[in-house]
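Enquirer:
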Amino acid sequence: MKAYKIIVLAKQVPDTRNVGKDAMKADGTVNRAVLPAIFNPEDLNALEQALRIKDQFPGTTVKILTMGPGRAAEIIREGLFRGADGGILLTDRAFAGSDTLATSYTLGQSLKKMGKIDLIIAGRQAIDGDTAQVGPQVAEKLGWLQVTYVEEVIELKNDTVVLKRRLDRGVETVKCKLPLVMTVNGTAPECRVRNAKLLMKYKRAKTVTELQKENEDYTSLYNDRPDLNIPEWTVNDIENDATQLGLNGSPTKVKSIENVVLQAKDSKVISGVDAEIENMMIELIKSHTIG
Amino acid sequence: MNNVFVYCEIEDGHVAEVSLELLTKGRSLANELKCDLEAIAIGNQLEGVAKQVIPYGVDTLYLADDKRLYPYQTLPHNSIVVNLFKEEQPQIALMGASSIGRDLGPRVSSALHSGLTADCTSLEIGDHFDKKADKNYKNLLYQIRPAFGGNIIATIINPDCRPQMATVREGVMKKEILDPKYKGKVVNLDVSKYVSDSDFVAEIIERHMEKSKLNIKGSPIIVSGGYGVGSKENFKLLYDLAEVLGGEVGASRAAIDAGYVEHERQIGQTGLTVRPKLYIACGISGQIQHRAGMEQSAQIIAINTDPEAPINSIADYVITGDIADIIPKMIKYYKKNTK
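So the sequence lines, in the order shown, correspond to chains A and B. Start counting the first sequence at 1; every next residue gets the next number (my numbering). Start counting the second sequence at 292; every next residue gets the next number (my numbering).
1) Could you compute how far the alpha carbon of glycine 574 of chain B sits from the alpha carbon of valine 477 of chain B?
2) Hey, glutamine 382 of chain B and arginine 460 of chain B: beta-carbon distance below 8 Å or not?
3) Under the rule that 16 or more other beta-carbon atoms within 10 Å means buried, what is proline 14 of chain A, buried or exposed?
4) Note down, in chain order, every chain B residue with its Cβ under 9 Å from the Cβ of valine 171 of chain A.
5) Based on the DSSP secondary-structure assignment, which residues constitute the bridge partners of valine 520 of chain B?
6) Quick one: grab the DSSP three-state call for glutamine 146 of chain A.
7) On the DSSP bridge assignment, give the partners of serine 515 of chain B in chain order.
8) What does a CB cutoff of less than 7 Å around isoleucine 391 of chain B pick up in its chain, not counting 5 residues either side in sequence?
9) Starting from aspartate 350 of chain B, trace the alpha helix (DSSP H) both ways and give me its first and last residue.
10) Should glutamate 524 of chain B be labelled buried (16 or more other beta-carbon atoms within 10 Å of its own) or exposed?
11) Excluding the 5 residues flanking isoleucine 243 of chain B on each side, which residues of the same chain have their C-beta closer than 6 Å to its C-beta?
12) Taking threonine 160 of chain A as the reference, give the member of B:Leu354, B:Lys422, B:Ala493 and B:Asp425 with the closest Cα.
13) Rounding to the nearest angstrom, what Cα-Cα distance links asparagine 449 of chain B and arginine 544 of chain B in this structure?
14) According to DSSP, is threonine 173 of chain A helix, strand or coil?
15) Have a look at leucine 536 of chain B and isoleucine 512 of chain B and give me their C-alpha separation to the nearest angstrom.
16) Exposed or buried, what is aspartate 481 of chain B when buried is set at 16 or more other beta-carbons lying within 10 Å of its beta-carbon?
17) Going by C-alpha to C-alpha distance, which of A:Cys176, A:Asn158, A:Pro179 and A:Glu151 sits closest to leucine 167 of chain A?
18) What does histidine 419 of chain B touch in chain A if you count any residue whose Cβ is under 7 Å from its own?
19) Per the DSSP calculation, leucine 385 of chain B is bridged to which residue(s)?
20) Less than 8 Å between the CB atoms is what I'm expecting for threonine 458 of chain B and aspartate 394 of chain B, so what's the real figure, rounded?
21) Is proline 69 of chain A close to chain B, meaning its C-beta is less than 8 Å from at least one C-beta of that chain?
22) Enumerate, from N- to C-terminal direction, the unbroken beta strand (DSSP E) stretches of 3 or more residues contained entirely within the stretch 408 to 478 of chain B.
23) Between A:Val184, A:Ala72 and A:Pro179, which has its C-alpha nearest glycine 115 of chain A's C-alpha?
24) Unbroken beta strand (DSSP E) runs of length 3 or more, entirely within the stretch 593 to 630 of chain B: which are they?
25) What is the rounded straight-line gap between the Cα of glycine 541 of chain B and the Cα of serine 515 of chain B?
26) Does the beta-carbon distance from tyrosine 551 of chain B to serine 522 of chain B come in below 8 Å?
27) May I ask you to check if the CB of glycine 541 of chain B is nearer than 7 Å to at least one heavy atom of the ligand COA?
28) Leucine 35 of chain A by DSSP, collapsed to three states: which one?
29) Expressed to the nearest angstrom, what Euclidean distance is found between the alpha-carbon atoms of tyrosine 625 of chain B and isoleucine 282 of chain A?
30) Going by C-alpha distance, which of B:Ser319, B:Glu302 and B:Gly577 is nearest leucine 385 of chain B?
31) Give the single residue among A:Glu155, A:Ala72, A:Glu42 and A:Glu232 whose Cα lies nearest to the Cα of proline 36 of chain A.
32) Is it buried or exposed for serine 510 of chain B, if we count other Cβ within 10 angstroms and need 16 for buried?
33) Using a cut-off of 8 Å between C-beta atoms, extract the partners of threonine 103 of chain A located in chain B.
34) Could one say the Cβ of proline 179 of chain A lies closer than 8 Å to chain B's Cβ atoms, at least one of them?
35) Using a cut-off of 7 Å between C-beta atoms, extract the partners of asparagine 603 of chain B located in chain A.
36) Compute the Euclidean distance between the alpha carbons of valine 373 of chain B and serine 401 of chain B, then round it to the nearest angstrom.
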């Protein structure tokens, strides 16, 4: 039976779904510090698809590739706890300010360095931008086929895969050859939870930067347990054209950001008492809004 | 050259609503820029397409007609659009933020190294001064969208790369026929010059497209619930009210993420955009991303336990209270006064 080499593209995102009142600073910028950083939800759906293939085909490896600040190593650890085999953190000031295109370029250059890959799986989109662009753009950078909106891997046999896609108004079943990039929908099965044994095994998995911060002696640790080393790649670890990285490599620029200020409307304030509700309903009936 | 381009999605020989809406927007952008509006349709048996799109003010319609080009597949459609754009050098390219546009747009933008902004809620033409480079840019496309959980509205520009690309969801722009007798020319592309056989590597084995059973967009009354509804069970109240009033049930993204209702009912920037006669928002705080999908409703009732909920500021009626108390009363007094 064939074993596959799978890379999961994942992103650590601020949890924009539970934004509180203190999410914005007085100057109108986002207060990232108060927002919890989480594993992007649909990237977890993607990880689950990868782990299912690993369950089915022994010898398959699943690695996570992420780009972000140092703390984004957290999601690689989270992936290890759930069954991934390793991961790489792309972190460098040179990557800062990347739009989706510069991000895709950086991910693409990194993937090219990772040897032969059979399958790249990513979440459909990240909740901090909702663009759904990075998956298809990475595919284009590699010159691979992409299959977006995947809900289920129906069959995988040698180098042929059958995928079910969930579209706006329907379902499509596609058959194609590896290698390919697929993006997974939130409607796909949820990711399995952490495994207690893996948690014990990998709780000390860290990047060198993290260990240095904690003043740990990582040299001897990594000699004994190389699997605990989460590699950090900087701009020097990938072949690159500097004009395509970070802010400079991003065709889109943010011209302005406006805090959301609501224009107050002349509204009628109503308490829950019967007479007021009845009056409102009568007004709506009279104006032919209802009835 | 240097025109405004719209990619027209085709389903069963019909041009998608979102594409027609974008043609209307594209026409007004082209007028402002004093350039032409061009469109491309890719598929099979496209004879009827010209009649559908030219009245929206299309000056040139490109058709790529080949039986292998329907239904949509990423690689062949991408090759045609990329190669045509290389020849025609549009300054702006618009696509629907649909499962096709969001698959194709990023691929095209990556191949052309151009910027793409997803899910825009407004598109305008404006200038930009880059202080750092001391350079003035005239007539850029402002791509406006809520960002970051709806706490901010960002205006995105692509100063240097072309085309400036944007996707827009169905229902956000208004479609309007410009002139039923508008004169536009049709260019039939020689498909073999634009695609290669290796673009046809994927095989669509099965396809079930269904007309959505729900018709939330077309409903004159929408009863919509948010996270504040509290549970799937509590949503039953909303269904009851919608049934009595003859409306449909919608939801905010938070309610969908919480699993209260199916995602087809989502209203907001990443869901449906609606303009009903009456929108009843129950337990919805009113983040900008939700408001982007409903603020053009003719009348809005907001029911919230929080008197400070942001949605209240755009509501015609603000009711502070618990939906379990308010909704049954609304049903009662509606019935009482319509009999």
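Positions of the beta carbon are idealized from the N, C-alpha and C atoms, including for glycine.
Expert: Taking the geometry as given:
1) 51 Å
2) no
3) buried
4) Near valine 171 of chain A (Cβ distances below 9 Å), the residues of chain B are Glu497, Arg498, His499, Met500 and Glu501.
5) Paired residues: none, contrary to the question.
6) strand
7) B:Gly541 and B:Ala572
8) Glu300 and Tyr363
9) Neither: aspartate 350 of chain B is in no alpha helix (DSSP H) and is coded neither H nor E.
10) By the neighbour-count rule (16 or more Cβ atoms within 10 Å), glutamate 524 of chain B is not buried but exposed.
11) The structure shown does not extend to residue 243 of chain B, since chain B spans only 292 to 630, so no value can be given for it.
12) Of B:Leu354, B:Lys422, B:Ala493 and B:Asp425, the residue nearest in Cα terms is B:Ala493.
13) 29 Å
14) strand
15) 7 Å
16) exposed
17) A:Glu151
18) Lys255
19) Among the bridge pairs identified by DSSP, leucine 385 of chain B is matched with B:Val297 and B:Ala457.
20) About 10 Å; that fails the 8 Å criterion.
21) no
22) 413 to 421, 426 to 438, 443 to 448 and 455 to 459
23) Of A:Val184, A:Ala72 and A:Pro179, the smallest CA-CA separation from glycine 115 of chain A is found for A:Pro179.
24) 608 to 611
25) 4 Å
26) yes
27) The ligand COA is not among the ligands present in this structure, which contains no ligands whatsoever.
28) coil
29) 8 Å
30) B:Ser319
31) Nearest C-alpha to proline 36 of chain A among A:Glu155, A:Ala72, A:Glu42 and A:Glu232: A:Ala72.
32) Answer is buried; the Cβ neighbour count reaches 16.
33) Correct list: empty, because the minimum Cβ distance to chain B is about 11 Å.
34) The C-beta of proline 179 of chain A comes no closer than 8 Å to any C-beta of chain B.
35) Ser267
36) Taking the straight line joining both Cα atoms gives about 10 Å.
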